[in-house]
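See structure below.
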Amino acid sequence: MPSTPPHSGMSERTDPDRPLDPDRPLDSGRSSDSGRSSDSGRSSDSGRSSDSGRSSDSGRSSGPSRSSGPDRLSGPDRLLGPDGGLPQARPPWTHRDSLRITRVRAVVTAPEGTPLVVVRVDTSDDGLYGLGCATFTQRYAAVTAAVDEHVGPLAVGRHPADIEDITRLVHYSSYWRNGPVLNNALSGLDQALWDIAGKRAGLPVHELLGGRCRTAVEVYSHAAGHTVAETLDRAEELIEAGYRNVRLQTGQPGLGAYGAPGTGGGYPRSPHPDGWDPERYLRSTPALFAAARGRLGDGVNLMHDVHSRLTPKQAVVLARALEPYGLSFLEDVVAPEFYDHLPAVRAASPVPVAVGEQLGSVPDAVRLVRDGGVDLLRLHTSSVGGLTPTRKLVALCELLGVRTAFHSPGDISPVGVAANLAVDISSPAFGYQESHEYNEATHEVFPGTPVVADGSLRPAEEPGWGITLDEKAAGRFPPVKFLHERWSAQVRRPDGALEAP
Numbered sequence: 022m023p024s025t026p027p028h029s030g031m032s033e034r035t036d037p038d039r040p041l042d043p044d045r046p047l048d049s050g051r052s053s054d055s056g057r058s059s060d061s062g063r064s065s066d067s068g069r070s071s072d073s074g075r076s077s078d079s080g081r082s083s084g085p086s087r088s089s090g091p092d093r094l095s096g097p098d099r100l101l102g103p104d105g106g107l108p109q110a111r112p113p114w115t116h117r118d119s120l121r122i123t124r125v126r127a128v129v130t131a132p133e134g135t136p137l138v139v140v141r142v143d144t145s146d147d148g149l150y151g152l153g154c155a156t157f158t159q160r161y162a163a164v165t166a167a168v169d170e171h172v173g174p175l176a177v178g179r180h181p182a183d184i185e186d187i188t189r190l191v192h193y194s195s196y197w198r199n200g201p202v203l204n205n206a207l208s209g210l211d212q213a214l215w216d217i218a219g220k221r222a223g224l225p226v227h228e229l230l231g232g233r234c235r236t237a238v239e240v241y242s243h244a245a246g247h248t249v250a251e252t253l254d255r256a257e258e259l260i261e262a263g264y265r266n267v268r269l270q271t272g273q274p275g276l277g278a279y280g281a282p283g284t285g286g287g288y289p290r291s292p293h294p295d296g297w298d299p300e301r302y303l304r305s306t307p308a309l310f311a312a313a314r315g316r317l318g319d320g321v322n323l324m325h326d327v328h329s330r331l332t333p334k335q336a337v338v339l340a341r342a343l344e345p346y347g348l349s350f351l352e353d354v355v356a357p358e359f360y361d362h363l364p365a366v367r368a369a370s371p372v373p374v375a376v377g378e379q380l381g382s383v384p385d386a387v388r389l390v391r392d393g394g395v396d397l398l399r400l401h402t403s404s405v406g407g408l409t410p411t412r413k414l415v416a417l418c419e420l421l422g423v424r425t426a427f428h429s430p431g432d433i434s435p436v437g438v439a440a441n442l443a444v445d446i447s448s449p450a451f452g453y454q455e456s457h458e459y460n461e462a463t464h465e466v467f468p469g470t471p472v473v474a475d476g477s478l479r480p481a482e483e484p485g486w487g488i489t490l491d492e493k494a495a496g497r498f499p500p501v502k503f504l505h506e507r508w509s510a511q512v513r514r515p516d517g518a519l520e521a522p
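FYI, the numbering for the sequence shown is 22 to 522, going by this note's numbering.
Dropping the structure here:
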């Protein structure tokens with residue numbers, strides 16, 4: 022079990038500017054700025070390009086602020102230093118300049134109705150800041166609290182270049198690690214530090230990762246409708262717009278149908294008339310793809326999302342039924358509780374298997390790749406901790422012949438899309454990339470939001486992510502809780518039993 026570190030015993034004096042332990046003086050023998058170099062004649066802008074990627078502080082929301090004065094010395098933040106950071110989180114090395122992180126905070130906005138969480142990291146260089154995606158939309162308030170109350174103080178006072186050390190410290194410090202709440206909070210910080218790194222270097226982030234391996238990132242979009250005919254109408258619109266990759270979903274009886282409109286009252290004699298039936302889904306889905314190949318031909322790559330609704334055996338049954346239609350992949354064939362069965366499912370499936378958006382840790386992702394559970398690793402990259410762990414997992418994929426197909430619908434912020442693109446454009450392991458066309462309000466909140474053109478996305482050439490945040494605009498779109506829960510609570514079978522949403 023975790024233990025409390027012993028007092029260093031190096032000094033027993035107290036300092037009114039230092040946080041106090043409730044029982045005894047806390048003194049590590051160094052000042053709250055320990056581990057920081059003096060200016061040594063350098064400015065914080067040393068070696069940096071001019072104002073590229075910076076913005077003024079206008080229009081910002083107030084965000085959380087650490088108390089000062091007597092309240093700071095007696096409240097829950099009393100162990101923090103005057104700058105709001107934890108002195109013991111400073112490293113034992115010095116830096117070549119005086120640049121420091123001065124503030125870390127979460128911003129929540131919902132320009133399309135879906136809550137998006139981004140983290141803003143400010144620095145001592147006025148106007149130099151970074152943005153990172155921390156969107157776990159179903160639990161956005163928990164992520165925001167984790168960022169503001171626990172993650173941020175571990176980074177304040179640190180040099181933003183120490184990405185690996187800072188993110189490892191945040192990861193280890195909670196003792197109970199991983200999960201989508203803590204990892205999304207970590208991701209927001211991690212991606213924001215990469216944004217700052219790109220701005221300081223005057224380079225887009227993908228050039229910090231090794232540069233391009235491809236001209237652009239071909240993406241896929243979703244075609245859905247109440248009927249097969251409506252779904253294929255939408256698919257033809259996407260193909261006309263330049264998409265070569267299209268995911269198909271069609272309506273099903275039941276309010277819990279996924280990816281396309283559901284219809285209530287489909288089973289009027291059942292205990293729950295509005296239920297969704299996996300057996301009927303298994304029988305009807307092959308008909309969708311038979312019609313698709315007949316109408317769309319073989320010149321388009323087709324995908325389908327099961328959305329974790331099947332047992333391992335049912336997943337194999339569906340994959341074999343879809344074999345004649347040449348799908349590029351079958352997505353999320355089983356729920357996370359059954360991931361141990363994925364190697365056997367993949368071995369029996371004639372269709373490539375893409376799984377991973379519900380992963381909440383790097384070790385879980387490693388097991389899927391290492392043990393032969395996936396053909397395509399489908400990460401929600403912020404749920405494994407951000408860019409730093411994602412690039413390591415993608416390197417593993419490359420070595421083991423697994424490709425990527427990152428999760429990226431409307432519940433990922435444009436900053437998260439930019440992070441995905443930085444990996445996609447620079448990795449030989451790239452396979453497919455999900456896409457979403459954001460509304461005008463999102464573009465207003467996040468100037469620089471990537472735009473699909475002819476079925477492809479291209480990363481920005483500006484330093485960092487190439488995306489900014491208009492917090493005044495963001496404030497016009499406050500989030501609403503329980504949007505997902507309102508739907509998932511209705512995902513039941515005809516007998517009334519809950520189904521994995």
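We put the beta carbon where it would ideally sit given N, CA and C, even for glycine.
Between F350 and L397 a beta carbon distance of about 6 Å is seen, short of the 8 Å cut, so the two are scored as contacting. Only residues of its own chain outside the window of five on either side were considered, and among them V374, G393, G394, V395, D396 have a CB closer than 7 Å to the CB of R367, listed in chain order. Distance between L417 and V512, taken at the CA atoms: about 36 Å. For D298, same chain residues with a beta-carbon under 6 Å away, outside a window of 5 residues either side, are P515 in chain order. Residue state for V226 is assigned as helix, using DSSP reduced to three classes. Contact between the region 450-470 and the region 200-212 is absent, with fewer than three C-beta pairs closer than 8 Å. The beta carbon of E465 sits closer than 6 Å to the beta carbons of A494 from its chain, once the five residues preceding and following it are set aside; these are given in chain order. The Cβ atoms of V140 and L152 lie closer than 9 Å to each other. Going by C-alpha positions, R424 is about 10 Å away from V390. The three-state secondary structure of I122, taken from DSSP, is strand. Distance from the CA of P364 to the CA of P371, rounded to the nearest whole angstrom, comes to 13 Å. Distance check between I488 and each of L230, I217, S404 places I217 closest, using alpha-carbon atoms only. F310 is positioned such that its CB atom lies closer than 9 Å to that of Y346.
Around the beta carbon of R497, fewer than 16 other beta carbons sit within 10 angstroms, so the residue counts as exposed. A residue is called buried when at least 16 other Cβ atoms come within 10 angstroms of its Cβ; T463 meets this threshold and is buried. For the pair of segments examined, the region 288-306 was found not to touch the region 256-264: the number of CB pairs separated by less than 8 Å stays below three.
Check the Cα spacing between L323 and each of R330, P333, T332, A312: the tightest is with A312. The region 397-416 makes no contact with the region 103-121, as fewer than three CB pairs between them are under 8 Å.
For T411, the enclosing alpha helix (DSSP H) has its first and last residue at 408-421. If you check the CB distance, V164 and V125 do not come in under 9 Å. A straight-line Cα-Cα distance of about 47 Å links A521 and L120. Using a Cβ distance threshold of 9 Å, T188 and I433 do not count as a contacting pair.
The beta carbon of E482 sits closer than 8 Å to the beta carbons of P225 from its chain, once the five residues preceding and following it are set aside; these are given in chain order.
Inter-segment contact for the region 450-461 and the region 236-251 is present: three or more beta-carbon pairs are separated by less than 8 Å. Each of L175, S145, S448, L504 was checked against the Cα of L229, and the nearest Cα belongs to S448. In this structure, the CA atom of V191 is about 6 Å from the CA atom of V172. Assignment of G452 by DSSP, reduced to helix, strand and coil, places it in the strand class. In the structure shown, the three-state DSSP call for P274 is strand.
An exposed status is given to E258, since fewer than 16 other beta-carbon atoms sit within 10 Å of its beta-carbon. Under DSSP, L397 forms a beta bridge with A375, R424. Within the same chain, Cβ atoms closer than 7 Å to the Cβ of Y360 are found at L389, G394, the five residues on either side in sequence being excluded. Here the alpha carbon of G286 sits roughly 17 Å from the alpha carbon of L519. Annotation: D475 to S291 spans about 46 Å, alpha carbon to alpha carbon.
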